[in-house]
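Please read the structure below before turning to the comments.
Protein chains: 2
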Amino acid sequence: MKRVTIVEIAERAGVSIGAVSYALNGRPGVSEETRRRIMEIADEIGWRPSLAARSLSGSRAHGVGLVLARPADTLGVEPFFMRFISGLERELSGQRIALLLQVVEDHRAAVEAIRLWWAERRIDGLVVTDMYAQDVRIPVIEELRIPAVLAGRPRPDTRLGAVWTDDTAAVDASVDYLVALGHRRIARVAGLPGLDHTRVRIAAFRAAVLRHGLGEPDVVETDYTAEEGGRATRALLSRRGRPTAILYDNDVMAVAALTVAQEMGLSVPGELSILAGDDSQLCVLVRPALTALSRDIQAYGLQTARVLLDLIDGRAPRSYQGNTARLTVRGSTAAAPDG
Amino acid sequence: MKRVTIVEIAERAGVSIGAVSYALNGRPGVSEETRRRIMEIADEIGWRPSLAARSLSGSRAHGVGLVLARPADTLGVEPFFMRFISGLERELSGQRIALLLQVVEDHRAAVEAIRLWWAERRIDGLVVTDMYAQDVRIPVIEELRIPAVLAGRPRPDTRLGAVWTDDTAAVDASVDYLVALGHRRIARVAGLPGLDHTRVRIAAFRAAVLRHGLGEPDVVETDYTAEEGGRATRALLSRRGRPTAILYDNDVMAVAALTVAQEMGLSVPGELSILAGDDSQLCVLVRPALTALSRDIQAYGLQTARVLLDLIDGRAPRSYQGNTARLTVRGSTAAAPDG
DNA sequence: CTGAAAGCGCTTACAG
DNA sequence: CTGAAAGCGCTTACAG
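Chains as they are written, first to last, in the numbering used here: chain A, 1 to 339; chain B, 1001 to 1339.
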């Protein structure tokens, strides 16, 4: 059970521990020959750096934090997060950087978690998701000067990095596609109105509807859950002049909408076209399979990790724009009924 | 940016750093008065222990690891993991223990991750999910003497703790329920055959079918994905003497089955009863809503964390049995067509 | 009850 | 190119 340390390596190699440290870290100060011998010994006895010791003397914690502020049930059903995490991991684990995960109720708790992690020197940086237009986490992160990257639109007034995709273009493409199918009454079931990207998408939707001269844009806000998605759908479909096509802000709500339409005796896509704002296996699970906006979430996570690692290494904050979501056409969209 | 350390507290309080350490950790060696004064100062200047320092001198890393060895896509769609993680978190974060998460492809990679974490002294213990009957992780964990708890059935031949629920009883209840509805041809679409709990459930299913005198038990093995679940369903429903009821090993496959049945023109539950082995929002999303085995996954995660923390504290390995899954009856099960 | 000191396992100037 | 030493921020016997 005795821990293998550089002292043992130094003894076996007949050099000082300083030399061992230099050799192991690839820094100048030892001859190539010595370095090789030291590396061999380290390998042979299965040495691994103690992160505690390394963190204490160097100043890196070798960890980054991700705080998810959502109810566990919502997190569970939306496939987004696990895939995103998995993408982050792919980049981080290669560099022996741990991902610390915390699931909390709200932003207040998130701020608390961030403060503690930082004070304890557990993390070198932070990944921030689910940005709010007014986000209490940002001033705290700025004040503590924590390297951080937003999974979302850049905030030029901050020192934070950002990895984002062009939601406006994706919404535009969706509306254009539906209009080309002859739809004139298109509605949007949006997610949480406080969220940054929800707002961007709503704005894009409004602009697209107006641009096509389709009258007053019809948007219902929800909390992203199946319940509210279903309820919003029921409300929209009960109106006179009900929409012939609805855009949903995620996959879960679109699936719920399909159920509601079927219960109301409306055929999809015959009488109603449904378009999901996120793609996942869920969309393929149901009938008709759902037309959806797809993007590579794992790649998104991976890029986010890269931008964060650069920041931690002291490079200037970057904004990386990933690929715009593509429209994957399946069975839930078709020509407008009266078209 | 200067870090607040116990040195500063000691100076302000006019005592040694040793006294500060004792006071802050609630150990004897300082008077109550001194202790209170020290705590106040610490609070006032916002001191937080450096985990690196604490880990280096004490021998705790204050972290536990969870390695998920599954393809990211599967992980994403099954709501189980996020809820489980969220339950783990609830217990861990209260004790300032970090959850380190790693998502890998297979058990070989999982073993590698475990070895590294342990060698680097990043973790004090491990949560192990998705146990295989023959599981390469176990001998490694035993050899390294890592405190670990299985989210699954106890292994009496090991020093590992375990948190589990009685799958046999849950399967029994499901079969009994279907038999009471008059079903005589009941099949099971199982998950990955290598998994421990898959085997237990298959065995329980076989035993129940035989006990009820329903003839040769009909089991199809899959990989838990919607694709294979759908394919298995199609195969089962294409046979002469097709089943009138099918038990699925998770929620995702049951939803896929619903789609397949509808495509084949079979009414659910009129001609086919579907029972999902896991419950989640997915089951409520579809029509008919799926009858399912429900359990409190968050509580399961929380209990798992507790058993692990006990182990880490040096207590003897415990096996904790959680509540057996309850049958939540919804619209996908009904009396057998010929009953 | 309290203080002084060693030690955890590294990194990093600073001399040779 | 190499060695000896200080230091990171704590904990913990060991003396007083």
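The beta-carbon is built from N, C-alpha and C at its ideal position, and this holds for glycine as well.
- Measure the C-alpha to C-alpha separation of E1033(B) and I1097(B) and round it to an integer number of angstroms. 30 angstroms
- Query: Do you know whose CA, among T1129(B), L1150(B) and Q1102(B), lies nearest L1116(B)'s CA?
  - Reply: Q1102(B)
- Between the region 1327-1339 of chain B and the region 1287-1298 of chain B, do three or more beta carbon pairs fall short of 8 angstroms? yes
- Task: Under 9 angstroms between beta-carbons, which chain B residues line up against F81(A)? List them in chain order, please.
- Result: G1076 and M1082
- Work out the CA separation of I1297(B) and V1307(B) for me, nearest whole Å. 15 angstroms
- Task: Buried or exposed for G339(A), please, with buried defined as at least 16 other CB atoms from any protein chain shown within 10 angstroms of its CB.
- Result: Caution applies to G339(A), whose pLDDT of 49 falls short of 50 and renders its modelled position unreliable; the model cannot decide the point.
- Message: Using a Cβ-Cβ cutoff of less than 8 angstroms, which residues in the same chain neighbour E8(A) once the five nearest sequence positions on both sides are dropped?
- Response: I45 and W47
- Alpha carbon to alpha carbon, how far is A1302(B) from N1323(B)? With the sequence shown as reference, residue 1302(B) is identified as Leu, and Ala is not the correct amino acid for it. Their backbone Cα atoms lie some 13 angstroms apart in a straight line.
- Task: State yes or no: is the C-beta of L1051(B) within less than 8 angstroms of the C-beta of R121(A)?
- Result: yes
- Is the beta carbon of V260(A) sitting closer than 8 angstroms to the one on G230(A)? yes
- Message: Excluding the 5 residues flanking H183(A) on each side, which residues of the same chain have their C-beta closer than 6 angstroms to its C-beta?
- Response: If we look at H183(A) and ignore the five residues flanking it on each side, its Cβ neighbours are T244, A245 and A336.
- Listed by chain order, chain B residues near A226(A) by CB distance under 9 angstroms: Q1281, L1282, V1284 and L1285
- Item | 8 angstroms contact criterion, which T1333(B) and V1163(B) should meet: CB distance rounded | 29 angstroms between Cβ atoms; not a contact.
- Query: Which first and last residues belong to the beta strand (DSSP E) in which W1164(B) is found?
  - Reply: G1161 to W1164
- Message: If I measure Cβ to Cβ from E142(A) and keep anything under 7 angstroms in the same chain, skipping five residues before and after, which residues do I get?
- Response: T158 and R159
- Query: If the cut is a Cβ gap below 9 angstroms, which residues of chain B does A261(A) touch?
  - Reply: Going along chain B, no residue has its Cβ under 9 angstroms from A261(A), so there is no contact; the nearest lies around 10 angstroms.
- Compare the C-beta of Q298(A) against all C-beta atoms of chain B and say whether one is closer than 8 angstroms. Chain B contact via Cβ: present.
- Find the residues of chain B that neighbour Q102(A), judging by a C-beta separation of less than 7 angstroms, and give them in chain order. E1089 and S1093
- Task: Output, in chain order, the set of chain B residues within a Cβ distance shorter than 8 angstroms of E120(A).
- Result: R1048, P1049, S1050, L1051 and R1096
- Return the CA-CA distance between A72(A) and Q1281(B), expressed in angstroms with no decimal places. 12 angstroms
- Given a cut-off of 8 angstroms, decide if D166(A) and Q321(A) are closer than it, judged by their beta-carbon atoms. yes
- Task: Identify every residue that forms a DSSP beta bridge with Y1300(B).
- Result: DSSP lists no partner for Y1300(B).
- Message: Counting only C-beta atoms, is I1085(B) closer than 8 angstroms to chain A at any point?
- Response: True, the Cβ-Cβ gap to chain A drops below 8 angstroms.
- Message: Helix, strand or coil for Q134(A)? Go by DSSP, reduced to three states.
- Response: coil
- 4-residue-minimum alpha helix (DSSP H) runs that sit fully inside the region 1180-1254 of chain B, ordered along the chain: 1196-1211 and 1226-1238
- Task: Kindly indicate which three-state DSSP category Q1321(B) falls into: helix, strand or coil?
- Result: strand
- Query: Is the beta carbon of Y1132(B) sitting closer than 8 angstroms to the one on G1194(B)?
  - Reply: yes
- Output, in chain order, the set of chain B residues within a Cβ distance shorter than 8 angstroms of L309(A). Chain B residues near L309(A): none, gap ~17 angstroms exceeds 8 angstroms.
- Flag this pair as yes or no: are the beta carbons of V220(A) and A207(A) separated by less than 8 angstroms? no
- Task: Identify whether V4(A) lies in helix, strand or coil by the three-state DSSP scheme.
- Result: coil
- Starting from S1294(B), follow the alpha helix (DSSP H) in both directions and report where the run begins and ends. Where S1294(B) is concerned, there is no enclosing alpha helix (DSSP H), although the beta strand (DSSP E) it sits in stretches over T1291 to S1294.
- Return helix, strand or coil for Q95(A), following the three-state DSSP convention. coil
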